[in-house]
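**Student:**
Chains as they are written, first to last, in our numbering: chain L, 229 to 552; chain A, 9 to 526; chain Y, 5 to 309.
(1) So with Cβ pairs under 7 Å, would you call residue 199 (chain Y) a contact of chain A?
(2) Report back the beta-carbon spacing between residue 436 (chain L) and residue 347 (chain L) to the nearest angstrom; my notes put them in contact at under 8 Å.
(3) By the 10 Å Cβ neighbour count, where 16 or more other Cβ atoms means buried, how is residue 499 (chain A) classified, buried or exposed?
(4) Note down, in chain order, each residue of its chain lying with its Cβ closer than 6 Å to the Cβ of residue 245 (chain Y), except the 5 sequence neighbours on either side.
(5) Would you decide whether residue 49 (chain A) is buried or exposed? Buried here means 16 or more other CB atoms lie within 10 Å of its CB.
(6) Taking the alpha-carbon positions, what's the residue 12 (chain Y) to residue 294 (chain Y) distance?
(7) Taking Cβ positions only, does residue 313 (chain A) come closer than 7 Å to chain L?
(8) Sort out for me which residues DSSP pairs residue 233 (chain A) with in a bridge.
(9) Report all residues from its chain with a CB closer than 6 Å to the CB of residue 22 (chain A); omit the five preceding and five following residues, and keep chain order.
(10) Under 6 Å Cβ to Cβ from residue 242 (chain Y), same chain only, skipping five residues before and after it: list those, please.
(11) Check whether the region 366-375 of chain L and the region 282-292 of chain Y touch, using three or more Cβ-Cβ pairs below 8 Å as the test.
(12) Compare the C-alpha of residue 509 (chain L) against each of Y:20, Y:114 and Y:145 and name the closest.
(13) Considering only their Cβ atoms, is the gap separating residue 92 (chain A) from residue 84 (chain A) smaller than 7 Å?
(14) Answer yes if the region 167-187 of chain A comes into contact with the region 117-124 of chain A, meaning at least three C-beta pairs across the two stretches below 8 Å, and no otherwise.
(15) Among Y:278, Y:115 and Y:238, which one has its Cα closest to the Cα of residue 65 (chain Y)?
(16) How many whole angstroms separate the CB atoms of residue 141 (chain A) and residue 108 (chain A), which I take to be in contact at a CB cut-off of 8 Å?
(17) Pull the bridge partners of residue 419 (chain A) from the DSSP assignment, please.
(18) Using CA atoms only, rank isn't needed, just tell me which of A:409, A:259, A:235 and A:448 is closest to residue 251 (chain A).
(19) Could you please tell me which residues of the region 261-281 of chain A, in chain order, have their CB closer than 7 Å to any CB of chain Y?
(20) Along the chain, where does the alpha helix (DSSP H) containing residue 266 (chain Y) start, and where does it finish?
(21) Taking Cβ-Cβ distances shorter than 8 Å, what residues in chain L pair up with residue 177 (chain Y)?
(22) Go through its chain and collect everything with a Cβ distance to residue 88 (chain Y)'s Cβ below 6 Å, but skip five positions before and after it.
(23) Within the 7 Å Cβ cut-off, does residue 325 (chain L) reach chain Y?
(24) Listing by chain order, which chain A residues have their CB less than 9 Å from the CB of residue 169 (chain Y)?
(25) Starting from the C-beta of residue 158 (chain Y), find all residues in its chain whose C-beta is less than 8 Å away, skip the five residues before and the five after it, and write them out in chain order.
(26) Mind listing the chain L neighbours of residue 237 (chain A)? Cutoff is C-beta to C-beta under 7 Å, in chain order.
(27) So, for residue 438 (chain L): in the same chain, excluding its five sequence neighbours on each side, which residues have a beta-carbon less than 6 Å away from its beta-carbon?
(28) Which residue comes first and which comes last in the beta strand (DSSP E) that contains residue 106 (chain A)?
(29) With 7 Å as the threshold, decide whether the Cβ of residue 305 (chain L) is near any Cβ in chain Y.
(30) What's the C-alpha gap between residue 20 (chain Y) and residue 356 (chain L)?
(31) For the alpha helix (DSSP H) that contains residue 15 (chain Y), what are its first and last residues?
(32) Closest by CA to residue 423 (chain L), which one among L:303, L:285, L:484 and L:349?
(33) Listing by chain order, which chain L residues have their CB less than 7 Å from the CB of residue 208 (chain A)?
(34) Considering Cα atoms alone, identify which of A:202, A:343, A:477 and A:335 is closest to residue 312 (chain A).
(35) Rounded to whole angstroms, how far is the Cβ of residue 327 (chain A) from the Cβ of residue 485 (chain A), which I believe are closer than 8 Å?
(36) Taking the straight line between their C-alpha atoms, what separation do you get for residue 9 (chain Y) and residue 524 (chain L)?
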């Protein structure tokens, strides 16, 4: 276990180094941050002076080592747009994204478990087929289109739900949450539904096929033979065993979910990390881009590690000390 | 217990209803929020809009393009180099400090520290205090546009911005990156609104200044909540859903939807920004030929673009100066004529056309990408095959300077509301040292244009100056120095009852202080 | 018994014949791919030839509507292009991107996965760390960075010509670890089976064993995830278009058409959004449904993730 953790920490460090190196080497291709800082009419000489002052004219390696050195002290640079330490900016935007992903996950679980289990037990019922078919459309429509259509129906035409933003939030120990106000919850509904739409079919299929597989196993057959109550067999014996693969997949798919927050957040003007990142790309706020990449990289190493640890607890057969 | 709770809720609701009945809150959604709280840090349309809400200029442009006195009540020319301004008395900044001539001097001096404003205020000399409420603003040479420039002078609270802050840094510093007092602190201006909350990129709250000097202003908005909504479709949705009351800009493709909706209104106003494409004569041999350039101008269907892509909210242009500018010449109309274009190509010896490249931004001007695409399609009719690349503005301006393409798009709004500004930046021979022709990526060069444009700067006789400007406009027109498309209109979507009509203008500075909501 | 007879009698074909969903989705898929490659022949216009389009024809509704024009069956877009023709050409672009990207990622992934799985040890650890590191960054972000770099690196004049291969590479690069992991997992399963032992004992060299003996046995899961990956590559391209990093506007893919449609949701011109949307949904839907059937039939123990 100890070796495993060490290995993962080393991995995180390598991820940071590699990502920041790539980030640095591409930053010139993304654009010139100075352009967004000054008005359009400012002379080249003024811009050059500013670039000098920011150290953007230094040789690539000088800039990179300066970054790595500062990063060792926990300083990932200053965002050109926000004029604040990038770390500060990202942490400030993180709650919005985390809450969005959390709400989405809840929606996914609430819908997919009952449906998946039901369609595994009754694979040929019309209900299973219709749900499977409809949910497939969710993956086939680009998420930004789903989002704007939801806005059009529920925001503009019916006027039931707000069209953009997070609404009222409450600050609890520095965590800006929308979960505690009615307004905040209402604002959460459309973004999380559109984000969930891309994941529903995947999970329904997964749960269904896992469950069907488990139902074929010897010990379930044995349970039937013992004459156990069928709900007990389904929900206790069979369902429990479908959880394991689902956990692994959640771990992997959360990355995809995270990637798609870029699009959902943009359409809904949701003030999270994804929206921030795209704005940073658009403004060529290179310091913020690099910091974002580094933090996201580390975050995913952590998530993957957690998933592996949980997996190890649930399934003792997996030796997490061994190489993967 | 339950009863008390319900009573409480009822009381709260009554209270909040009572609040909304007499206090008018304006929920405003723009494409971006003000970039900084330091109005002298960045020169951009968005920052100037903000300056008009929280500060006041010495004079401002009225809807009919006359000068309207604001913090200056009167002004008079003393000599060729000096203009005397009489300041309004009894004006207080949001901080409570009184407004005097000292603030003007402070403001003028601070312009010189700002990279963005430095160039614009280059012609200015010393500012002298005559008494507490009188100042003399001087220029180094005779300068015809002094009053135009006074619209940029938003007096800052000198007391508020002097000294050192709690970090030990000077409060008057103008910094582009990192912390500066003026940038991060809610500003103290004289304007109708006072900033009370700001989270950059998320939300800004401005409340009505109770001591506002302009008691004649009909404005009744007591609070503005500004939210940036970048995505155009979402901005429109927010207005249609009733989540916001005022949006700008409105994408042309949604005009119809907004006009159809009974709960909202669409307002447009002619703007002075000319959208053009420059033809790089240094890069591509055929473009050196005047006939080819003319053929290209003749091939462009300005009316089609204005009508179809801009949905009628643009004025097709044949020249740079919009109507009302001194350089505007009635006869210089758009020249769309495909047959003539083909004939000119033949005469120039390019009947079989040629291939070329083009770059354009995709998030800078209204429908810029679509205009560029239409331009390429139009050129293909005279057999010029253009390969187009569009990019966001963060990448675009660097590329623009590097001139990697034969055709490059640029829009221009005159900083001084005067024709001369167009020629100085877009038509004069590029010169690194003087800075003239800085945005002339077509490398168009005509000695006569250069000489006349410089002469206009110091010419103070209005009649001669007008003639000179029109002569320049004619020369560039004849040379087909660039391709004009249209002047783009400003567009605003408002909730019914928001009387935006009287407060909008050709400069795209909605004077929200005077806004009336029914 | 020749190959055709063998195929005809196989369980695979038998279950295909008995599943109407599989038949329908496969037929539609073949039809769409066919018609998209025949686009230059069947489409009424050539949307790439801009000299035929006229801005005054822009935003005409479908021809059965009042203001419709008989030349344009499904109406026109903002530039005055025939929507039907543009959709067919766009579908072709999307098909090329989808299949090309999947071939590319499968190629990368199979080589890496096979090498890692069979050779094991340090090479395995090294290759899988690379895969891990790339997995640490969501693929869309990888694609954004990659396309920003490529777009600048290749300059303006060649961009239009290179956009298609670039997108194939970008989307390919961002998804190869999925294949590498799948292949590696099944190689690990096969490696110690008797037939491999046997081959080794005969003294066949390693490369031969890897490619001739183990590789064919890992193809089932590869085939199954490939269907889904094609659909996903098409969607990735749509997402990149939305971010302004997709095909150039003069040579739109289905994804960039949808993105254009995004702007027109509130305008009266519903056809600009609706028709390309339906086509994209139909296309991805049939791929996914066919993939589902494939998975059920082959029922491989997929490596999850």
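Backbone N, C-alpha and C define an ideal beta-carbon position, used for all residues, glycine too.
**Tutor:** So, to answer that:
(1) As a working mapping, residue 199 (chain Y) is identified with position 195 in the third chain. Closer than 7 Å: no.
(2) Here the question's residue 436 (chain L) lines up with position 208 in the first chain. Here the question's residue 347 (chain L) lines up with position 119 in the first chain. In this structure residue 436 (chain L) touches residue 347 (chain L) by the C-beta definition: roughly 5 Å separates them, less than 8 Å.
(3) The residue labelled residue 499 (chain A) in the question sits at position 491 within the second chain. With 16 or more Cβ atoms within 10 Å of its Cβ, residue 499 (chain A) is classed as buried.
(4) Residue 245 (chain Y) sits at position 241 when you count from the first residue of the third chain. Excluding residues within five positions, the ones whose Cβ falls inside 6 Å are 259, 260 and 263.
(5) On the second chain, residue 49 (chain A) is found 41 positions in, with the first residue counted as 1. Buried is the call here.
(6) Residue mapping note: residue 12 (chain Y) aligns to position 8 of the third chain, counting from 1. Residue mapping note: residue 294 (chain Y) aligns to position 290 of the third chain, counting from 1. Near 19 Å, if we compare the C-alpha coordinates of residue 294 (chain Y) and residue 12 (chain Y).
(7) Counting from 1 along the second chain, the entry for residue 313 (chain A) is found at position 305. Cβ-Cβ to chain L under 7 Å: no for residue 313 (chain A).
(8) One-based indexing of the second chain puts residue 233 (chain A) at position 225. Residue 233 (chain A) is bridged to A:35 and A:213.
(9) Here residue 22 (chain A) corresponds to residue number 14 of the second chain, with the count starting at 1. Here residue 22 (chain A) scores only 45 on pLDDT, less than 50, and its place in the model is too uncertain to base an answer on.
(10) Position 238 of the third chain, counted from the first residue, corresponds to residue 242 (chain Y). When the five nearest sequence neighbours on each side are left out, the beta carbons in the same chain lying within less than 6 Å of the beta carbon of residue 242 (chain Y) are those of 259 and 262, in order along the chain.
(11) yes
(12) Position 281 of the first chain holds residue 509 (chain L). Checking every option, the nearest Cα to that of residue 509 (chain L) belongs to Y:145.
(13) Residue mapping note: residue 84 (chain A) aligns to position 76 of the second chain, counting from 1. Residue mapping note: residue 92 (chain A) aligns to position 84 of the second chain, counting from 1. Their beta carbons are under 7 Å apart, which means residue 84 (chain A) touches residue 92 (chain A) by this criterion.
(14) yes
(15) Here the question's residue 65 (chain Y) lines up with position 61 in the third chain. Nearest of Y:278, Y:115 and Y:238 to residue 65 (chain Y), Cα basis: Y:278.
(16) Here the question's residue 141 (chain A) lines up with position 133 in the second chain. Here the question's residue 108 (chain A) lines up with position 100 in the second chain. Indeed, because the Cβ distance is near 7 Å, the residues count as touching under 8 Å.
(17) As a working mapping, residue 419 (chain A) is identified with position 411 in the second chain. A:283.
(18) Mapped onto the second chain, residue 251 (chain A) falls at position 243. The shortest C-alpha to C-alpha distance from residue 251 (chain A) to any of A:409, A:259, A:235 and A:448 is the one to A:235.
(19) 261, 262, 264 and 265
(20) Counting from one through the third chain, the residue named residue 266 (chain Y) turns up at place 262. Where residue 266 (chain Y) is concerned, the enclosing alpha helix (DSSP H) stretches over 258-267.
(21) For this step, residue 177 (chain Y) is matched to residue 173 along the third chain. Neighbours of residue 177 (chain Y) on chain L: none; closest Cβ ~12 Å, over 8 Å.
(22) As a position in the third chain, residue 88 (chain Y) is number 84, starting the count at 1. In chain order, 77 and 78 place their CB closer than 6 Å to the CB of residue 88 (chain Y), counting only its own chain and leaving out the 5 sequence neighbours on each side.
(23) Within the first chain, residue 325 (chain L) is the residue found at index 97, counting from 1. False, the Cβ-Cβ gap to chain Y never drops below 7 Å.
(24) Taking the first residue of the third chain as position 1, residue 169 (chain Y) is located at position 165. Residues of chain A passing the Cβ test: none, with the nearest at roughly 16 Å.
(25) Along the third chain, read from residue 1 onward, the residue named residue 158 (chain Y) stands at position 154. Counting only Cβ-Cβ distances below 8 Å, and skipping sequence neighbours, we find 166 and 170.
(26) By 1-based counting over the second chain, the position of residue 237 (chain A) is 229. Result: 392 and 497.
(27) Position 210 of the first chain holds residue 438 (chain L). For residue 438 (chain L), where only same-chain residues beyond five positions count, the Cβ hits under 6 Å are 470 and 473.
(28) Here residue 106 (chain A) is taken as the residue at index 98 of the second chain, counted from 1. That residue, residue 106 (chain A), is in no beta strand (DSSP E); it is neither H nor E in DSSP.
(29) In the first chain, residue 305 (chain L) corresponds to position 77, counting from 1. So, not an interface residue.
(30) Counting from 1 along the third chain, the entry for residue 20 (chain Y) is found at position 16. Counting from 1 along the first chain, the entry for residue 356 (chain L) is found at position 128. Roughly 21 Å separates the two Cα atoms.
(31) Walking along the third chain from the start, residue 15 (chain Y) turns up at place 11. According to the DSSP assignment, residue 15 (chain Y) belongs to the alpha helix (DSSP H) that extends over 15-22.
(32) In the first chain, residue 423 (chain L) corresponds to position 195, counting from 1. Among L:303, L:285, L:484 and L:349, the Cα nearest to that of residue 423 (chain L) belongs to L:484.
(33) The residue given as residue 208 (chain A) occupies position 200 in the second chain. Result: 310.
(34) Indexing the second chain from 1 puts residue 312 (chain A) at position 304. With distances taken between Cα atoms, residue 312 (chain A) lies closest to A:343.
(35) As a position in the second chain, residue 327 (chain A) is number 319, starting the count at 1. As a position in the second chain, residue 485 (chain A) is number 477, starting the count at 1. Confirmed, about 6 Å.
(36) Mapped onto the third chain, residue 9 (chain Y) falls at position 5. Mapped onto the first chain, residue 524 (chain L) falls at position 296. Answer to the nearest angstrom: the Cα atoms are 53 Å apart.
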